[in-house]
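**Student:** Okay, handing you the structure first.
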Amino acid sequence: MTSTAAIHIGSYAPTDPSSNTGSSVTVIQAPTKESLPNCLSNMKSEALSSISIHLQYDELLTHYDSLALASLVPYLIPNGSISVHVVMSAANGAASNNNTSSMDWGII
15 MTSTAAIHIG
25 SYAPTDPSSN
35 TGSSVTVIQA
45 PTKESLPNCL
55 SNMKSEALSS
65 ISIHLQYDEL
75 LTHYDSLALA
85 SLVPYLIPNG
95 SISVHVVMSA
105 ANGAASNNNT
115 SSMDWGII
């Protein structure tokens, strides 16, 4: 069985904690930019179908390292994916309308 890892960088905390729950989701904290390359070191290679990285918009420059993504690839099964979710809080100008999402994301 393959599973998914959700990496929370810096001070990111989901607004809906149940969104990352489930028997196949492993949530990992990476408090600093330097901790991202090694945060999956306790997992075996080729064990994950996807890795989702989550961080706050205002910590993008100080906590995100795009070059560290290469160190996460060995943990993916063939055709696995890595996605980066940058979350902008309402305090930083995100729409507070319930019909819109405050999450901007893409596959990098």
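Our numbering applies: residue 15 is where the sequence shown begins, and numbers increase by one. Just so it is clear, CB atoms sit at the ideal spot from N, CA and C, and this is done for glycine as well.
Using only the alpha-carbon positions, how far apart do residue 23 and residue 93 sit?
**Tutor:** 24 Å
**Student:** Give the DSSP-derived three-state secondary structure of residue 113 in the structure shown.
**Tutor:** Bear in mind that the predicted position of residue 113 carries a pLDDT of just 41, short of 50, making it too unreliable to give a figure here.
**Student:** Who are the Cβ neighbours of residue 67 in its own chain at under 6 Å, not counting the five residues just before and after it?
**Tutor:** 21 and 98
**Student:** Check the DSSP bridge columns for residue 11 and list the partner residues they point to.
**Tutor:** Nothing can be reported for residue 11, as the shown portion of the chain is limited to 15 through 122.
**Student:** Which same chain residues end up closer than 6 Å to residue 79 when comparing Cβ atoms and leaving out the 5 residues on each side of it in sequence?
**Tutor:** 47 and 50
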